[in-house]
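See structure below.
What follows is the structure, given as structure tokens:
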């Protein structure tokens, strides 16, 4: 009996040491879910596929729209953007290759995702962009309002509810500087938008992000959107994505996406 | 070498559009209701982000014209079997593309067939 107790104590000490070590090194403790691997968003880059019209419409195509609970002012802004899309003059800020996609669009990009779970934070890395979203889970709260300023991905803090990461994101730029959109239908949010996200693994092959978006300037009610990500084959690589390396599609002054020839000069007939 | 624009197909649906292009910029400059088929010689493939470009020289009525074909990112294409050497200078290819709406010599790459052995890449149904 004394031997068994000694073994049990040794195991517990070992486990405690492992947990302490994991906390010190940032490794994922065994109590947190394994989200390793590469994941690919399912479906096209329409943000709210549940409401898109026409059904299966793609972001960037003429007369494709979603139906967030916009107030009249922001519905008018959206309609203006839809009109610009129709004329090919709604600029996507990321086409300049100089800025991140911004939250919540960062949950809506092509190419692969990685979700790095550690004791203190979850880091979401998107190959496309690239983008990095840090979600702190070490018990901290959002900085005080006077210590915050609007950024592309804002401030995210969260906690674990079982295997679900629940986090809130605030201090977002939104469309205030016209440099963060939500998708290419012309969807935008304001700089007071606030998002609560529940991120979990639905099954071995599927991750899901359920977002509830509140925006006192733009929305009349919370807006719920879900995105899913499919696990890629074992050993899938995520690669460097240096967007400015050979960007032959800059944006013109009117918001038109240009096409450059191999000599670096626009080949478009209209350059405005 | 005799090369020419061999076909201009009109589709009623945008089934041959290239979603990968949506990764970085609007595809509004391309006409995804049209599919153009060209035969020419590869001058260069630019294997770089955010999109690969294939430069193909087409001889049309004796005049050499260089076309720019835009594809997905090297990252996503590499996961579909593409490599930086998939198109080599001098390769004779027939390519399909969604052409520019304004008629300039560029388009969104759909697929290609290599004259050397008939193998294809991309969508070639």
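Residue numbers (our numbering), protein chains in the order written: chain W, 12 to 283; chain Z, 0 to 124. Ideal Cβ positions, reconstructed from N, Cα and C, are used throughout, including at glycine.
- Taken atom to atom, the span from the alpha-carbon of residue 236 of chain W to that of residue 220 of chain W is near 8 Å.
- Per the C-alpha coordinates, the member of Z/40, Z/95, Z/69, Z/102 positioned closest to residue 119 of chain Z is Z/95.
- Assigned with DSSP and collapsed to three states, residue 43 of chain Z falls in strand.
- According to the DSSP assignment, residue 85 of chain W belongs to the alpha helix (DSSP H) that extends over 83 to 97.
- Here DSSP, grouped into helix, strand and coil, assigns residue 98 of chain Z to strand.
- Nearest in C-alpha terms to residue 251 of chain W, of all of Z/46, Z/28, Z/42, is Z/46.
- The beta carbon of residue 28 of chain Z is closer than 7 Å to those of 99, 100 in its chain, skipping five residues each way along the sequence.
- A Cβ-Cβ contact shorter than 9 Å links residue 76 of chain Z with residue 51 of chain Z.
- By alpha-carbon distance to residue 68 of chain Z, the top candidate from Z/81, Z/74, Z/53 is Z/53.
- For the beta strand (DSSP E) assignment, the uninterrupted runs of no fewer than 3 residues enclosed by the region 180 to 261 of chain W are, from N- to C-terminal side, 205 to 214, 217 to 225, 234 to 242.
- Residue 67 of chain W: not part of any alpha helix (DSSP H); DSSP gives it neither H nor E.
- Taking C-alpha positions only, residue 118 of chain W is separated from residue 180 of chain W by approximately 12 Å.
- Taken in chain order, the members of the region 190 to 224 of chain W whose beta-carbon sits within less than 7 Å of a beta-carbon on chain Z are 195.
- Residue 49 of chain W and residue 116 of chain W have their alpha carbons spaced roughly 19 Å apart.
- With 16 or more other CB atoms across the displayed protein chains lying within 10 angstroms of its CB, residue 59 of chain W is buried.
- Take residue 159 of chain W, set aside five residues on each side of it, and the residues of its chain with a beta-carbon closer than 8 Å to its own are 153, 166, 181, 182, in chain order.
- Within chain Z, not a single residue places a beta-carbon under 7 Å from that of residue 171 of chain W; the smallest gap is close to 31 Å.
- Residue burial annotation: residue 194 of chain W is buried, with at least 16 other C-beta atoms found within 10 angstroms of its C-beta.
- Of all residues in the region 73 to 105 of chain Z, those with a C-beta nearer than 8 Å to a C-beta of chain W are 73, 74, 75, 77, 78, 99, 101, 102, 103, 104, 105, reading in chain order.
- Just measuring C-alpha positions, the residue of W/269, W/73, W/234 sitting nearest residue 199 of chain W is W/234.
- Looking at the backbone, the Cα of residue 89 of chain W and that of residue 197 of chain W are separated by about 6 Å.
- Annotated three-state conformation of residue 104 of chain Z is coil, per DSSP.
- For residue 52 of chain Z, the residues of chain W that pass the 8 Å Cβ criterion are 257, 259, 273, in the order they occur in the chain.
- Rounded to whole angstroms, the Cβ separation of residue 174 of chain W and residue 212 of chain W is 7 Å, and the two are in contact under 8 Å.
- Across the structure, residue 144 of chain W and residue 58 of chain Z are spaced so that their CA atoms are roughly 49 Å apart.
- Counting of Cβ neighbours within 10 angstroms places residue 89 of chain Z among the exposed residues, the total staying below 16.
- Looking at the DSSP output, residue 120 of chain Z sits in a beta bridge with Z/111.
- Separation of residue 51 of chain W and residue 217 of chain W (C-alpha to C-alpha, rounded to the nearest whole angstrom) is 9 Å.
- For residue 94 of chain W, no CB of chain Z lies under 9 Å from its own CB, so it is not counted at the interface with that chain.
- Contact check for residue 54 of chain W against residue 205 of chain W fails: the beta carbons are separated by 9 Å or more.
- Membership of residue 142 of chain W in the beta strand (DSSP E) is indicated by the continuous run 142 to 147.
- In the three-state reduction of the DSSP assignment, residue 72 of chain W falls in the coil class, being assigned neither a helical nor a strand state.
- Between residue 86 of chain W and residue 63 of chain W, the gap from beta carbon to beta carbon reaches 9 Å or more.
- From the listed residues Z/104, Z/70, Z/87, Z/44, the smallest Cα separation to residue 121 of chain Z is found for Z/70.
- The beta-carbon distance between residue 257 of chain W and residue 268 of chain W, rounded to whole angstroms, is 15 Å. This is too long to meet the 8 Å contact definition.
- Residue 67 of chain Z: member of the beta strand (DSSP E) spanning 62 to 69, first to last residue.
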